[in-house]
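To get the working numbering, take the position in the sequence shown, counting from 1, and add 1. C-beta: ideal position from N, C-alpha, C; glycine also. What follows is a single structure, written as structure tokens, with notes after it.
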Amino acid sequence: MGCVASRIDKEGRVKVCKERKMLMKQLVGYRGEFAAAQFAYLRALRNTGVTLRQFTESDSLELENISYGLILPPPPPPPSFGPDFRKAVDSNKGEAAQEESIEINQGEELVENTAVSPLPEKPHPGEIVDDNSSMMSWYNKDSPDAAMVVWKNNTLEGIIKELDDYFLKASAGGKEIAVFTDINIGDNSVPWKLNENKRKRSNSANVFSALSWSWSSKSLQFARYSLQCGSSDPCMPGAHCITLDKLYDAEQKLYKEIKEEEITKLEHERKLMLLQKLDENHDQTKTEKIQSSVENLETDIRRLQHSISINRSSILKLIDEELYPQLVALTLGLMDMWKMMYKSHQVQNHISQQLNHLTDNLNVDLTTESHRQATAQLESEVSFWYHSFCKLIKSQQEYVRTLCRWIQLTDCLADDHQQNRCLSAVSRICEEWQLGFENLPDKVASEAIKSFLLAIQSIIRQQAEEYNQQKKCAKLEKRLQKESTSLTEMEKKVERSVAASDMNSTLSPKHPLSVKSAKTEALKKRVDMEKGKHLNSVQVCKTMTLNNLKTTLPNVFKALMGFSKASALAFEAIHGHTYTKIPCNESETQETKFE
Numbered sequence: 002m003g004c005v006a007s008r009i010d011k012e013g014r015v016k017v018c019k020e021r022k023m024l025m026k027q028l029v030g031y032r033g034e035f036a037a038a039q040f041a042y043l044r045a046l047r048n049t050g051v052t053l054r055q056f057t058e059s060d061s062l063e064l065e066n067i068s069y070g071l072i073l074p075p076p077p078p079p080p081s082f083g084p085d086f087r088k089a090v091d092s093n094k095g096e097a098a099q100e101e102s103i104e105i106n107q108g109e110e111l112v113e114n115t116a117v118s119p120l121p122e123k124p125h126p127g128e129i130v131d132d133n134s135s136m137m138s139w140y141n142k143d144s145p146d147a148a149m150v151v152w153k154n155n156t157l158e159g160i161i162k163e164l165d166d167y168f169l170k171a172s173a174g175g176k177e178i179a180v181f182t183d184i185n186i187g188d189n190s191v192p193w194k195l196n197e198n199k200r201k202r203s204n205s206a207n208v209f210s211a212l213s214w215s216w217s218s219k220s221l222q223f224a225r226y227s228l229q230c231g232s233s234d235p236c237m238p239g240a241h242c243i244t245l246d247k248l249y250d251a252e253q254k255l256y257k258e259i260k261e262e263e264i265t266k267l268e269h270e271r272k273l274m275l276l277q278k279l280d281e282n283h284d285q286t287k288t289e290k291i292q293s294s295v296e297n298l299e300t301d302i303r304r305l306q307h308s309i310s311i312n313r314s315s316i317l318k319l320i321d322e323e324l325y326p327q328l329v330a331l332t333l334g335l336m337d338m339w340k341m342m343y344k345s346h347q348v349q350n351h352i353s354q355q356l357n358h359l360t361d362n363l364n365v366d367l368t369t370e371s372h373r374q375a376t377a378q379l380e381s382e383v384s385f386w387y388h389s390f391c392k393l394i395k396s397q398q399e400y401v402r403t404l405c406r407w408i409q410l411t412d413c414l415a416d417d418h419q420q421n422r423c424l425s426a427v428s429r430i431c432e433e434w435q436l437g438f439e440n441l442p443d444k445v446a447s448e449a450i451k452s453f454l455l456a457i458q459s460i461i462r463q464q465a466e467e468y469n470q471q472k473k474c475a476k477l478e479k480r481l482q483k484e485s486t487s488l489t490e491m492e493k494k495v496e497r498s499v500a501a502s503d504m505n506s507t508l509s510p511k512h513p514l515s516v517k518s519a520k521t522e523a524l525k526k527r528v529d530m531e532k533g534k535h536l537n538s539v540q541v542c543k544t545m546t547l548n549n550l551k552t553t554l555p556n557v558f559k560a561l562m563g564f565s566k567a568s569a570l571a572f573e574a575i576h577g578h579t580y581t582k583i584p585c586n587e588s589e590t591q592e593t594k595f596e
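Here is the structure:
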């Protein structure tokens, strides 16, 4: 029987079904990895902003005396894009589901605290205001709400605070992909809300505590209950996870039944051949027994075929009623999320240009222990940011590739034109997604983040060198103090035995006091030299910090602008957006038509 089952597994229909089952099992895992990586990346954006802000709080770097301020548009709320289907999907969502939708604190209050002023009647010499600017893409230029944010920070802390605000803004897109969340592995699998109260009061003493996350499970518990009870909303939080689990269960059952059907058919053929031989031999007793067995097998085949038909229909129904709307909602949500990130990173790119106007104010402040801890924390968070980005790219690639392959193998399940249309629609989304993914500039973005990480690590090494030099100076100063005390005591003893006027003339160079005095003087010179090295090390550390931020931060935001723009356009292409204005560089736009 085992040999028969092994041979059956290699048959065409069973082989395809087995591959689909395997792919769906992988897809369930890849979805979890993709969702975890996506939310880990959003969390990394938030934490990077917090730790970068903490890192710069103790520095005293100021802008050169410049008379202009950078005037930039703030990232507006994501506009309502989407094909007619999106409206249909949105109209099916009930108020109850909307009330229970996942809430992520976007830090609106924090961003609202940014200095906002009306446009001046006459532009300043250094304003960056351009109607054709790429920042004006993806939102209505004529909107009355298109206020302009004026940044006039003259300190490193002020610039980084603005960057932190937009890190928070960029990370707020998680609510757009609530359908993608995981509700099976515990209520704390996704970060829903950052403790913003601590973040808003951020200072040197409590920024690290702002990295703690609070979790809200009410929406997830409601979603789990609703889905298990057959909610009519296929796109509520966590729905995609449940749908893939259902599809995997259905694929397992279908594979088992198709395999059993093929084995039963083989047994039926064997019994028929045996029955034919018995008829030729006129063995009536055995013939009746085999005939009964054949009839039972035929009944089993009909039962299995009926069950297979039901399972096949259930898979197609899940694709039509749940998977397709979820993929549409997910890709639209990802599109809006990447648009939000693009706008935030573009503003950050403009803000980071102010770093070029920073100059050291020549106050040489020692690197404190808290600053070293802040640098180490920043290195840890940027490292997590880099690895979460790489994981996001890899997991998305695996998810999309597996989904594409699985949907291609479901063509054989469709019996009519309507079912074929649904499968074709899902297949088109998957193929467009995979095609768009292949052209993303992810290597440029990951290398930019990695360069930022390496720059921070070089600062850590310089801080360690400064700290070691500081300890060396402290040790030598302690030794000098001890030698000076000993020299003073020795001088007092000599004074008592030799007249003061005769001391210099009577003491030879080899006299213990002369030797002691020379030794102390040499040690004093060495202490002065090491102090000079220490002060130089402090200045090198401060200069390195500023230079590394100047060279790496703008590159990071420029690379992330390119990646987020390409991602948003790829998802736009999936839904056939036409004549969408996108920037082709920093100063111009073009109109791109997606067929």
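Relative to the C-alpha of residue 293, which candidate in 305, 281, 244, 269 has its C-alpha closest?
269
If you compare alpha carbons, which of 168, 21, 57 is closest to residue 348?
168
Helix, strand or coil: how does DSSP classify residue 529 here?
helix
Tell me the residue span of the alpha helix (DSSP H) that contains residue 296.
285–319
Compute the beta-carbon to beta-carbon distance between residue 35 and residue 464, rounded to the nearest angstrom, for a pair I have assumed lies under 8 Å.
The Cβ separation is near 37 Å, so there is no contact.
Nearest residue (CA-CA) to residue 163, options 378, 351, 240, 25:
351
Looking at residue 484 and residue 52, is the spacing between their C-beta atoms short of 8 Å?
no
What is the rounded straight-line gap between the Cα of residue 18 and the Cα of residue 256?
6 Å
For the pair the region 390–407 and the region 296–310, tell me if three or more CB-CB distances fall below 8 Å.
no
Between 577, 375, 250, which lies nearest to residue 329 when the distance is taken from Cα to Cα?
577
Contact check, residue 177 vs residue 338, beta carbons under 8 Å:
yes
Only counting the same chain, and skipping five residues up and downstream in sequence, which positions put a Cβ closer than 7 Å to that of residue 42?
389, 390, 393
Helix, strand or coil for residue 509 per DSSP?
coil
Count the other CB atoms within 10 Å of the CB of residue 327; is the residue buried (16 or more) or exposed (fewer)?
buried
Buried or exposed, going by whether 16 or more other CB atoms sit within 10 Å of the CB of residue 16?
exposed
Should residue 496 go down as buried or exposed, given a rule of 16 or more other Cβ atoms within 10 Å for buried?
exposed
Please determine, among 319, 385, 479, the residue with the shortest C-alpha to C-alpha distance to residue 38.
385
For the alpha helix (DSSP H) that contains residue 337, what are its first and last residues?
325–353
Would residue 571 pass as an interface residue toward chain C - the criterion being a Cβ-Cβ separation below 8 Å?
Note that chain C does not occur in the displayed structure, where there is just one protein chain.
Tell me the residue span of the alpha helix (DSSP H) that contains residue 638.
Only positions 2 to 596 of the chain appear in this structure, which leaves residue 638 out of reach.
With a Cβ-Cβ cutoff of 8 Å, do residue 407 and residue 28 count as a contact?
yes
Cβ pair residue 599, residue 346 closer than 8 Å:
Past the edges of the chain, shown from 2 to 596, lies residue 599, and the structure says nothing about it.
By the DSSP assignment, the alpha helix (DSSP H) with residue 24 in it spans what residues?
13–57
What is the rounded straight-line gap between the Cα of residue 77 and the Cα of residue 564?
In this prediction, residue 77 scores a pLDDT of 44, lower than 50, which makes its location untrustworthy; the coordinate-derived value is nonetheless stated afterwards. Roughly 19 Å between the two C-alpha positions.
Closest residue to residue 275 among 289, 264, 533, 262 (Cα-Cα distance):
289
By a C-beta neighbour count over all protein chains shown, 10 Å radius and 16 as the cutoff for buried, is residue 413 buried or exposed?
exposed
Who are the Cβ neighbours of residue 443 in its own chain at under 7 Å, not counting the five residues just before and after it?
394, 564
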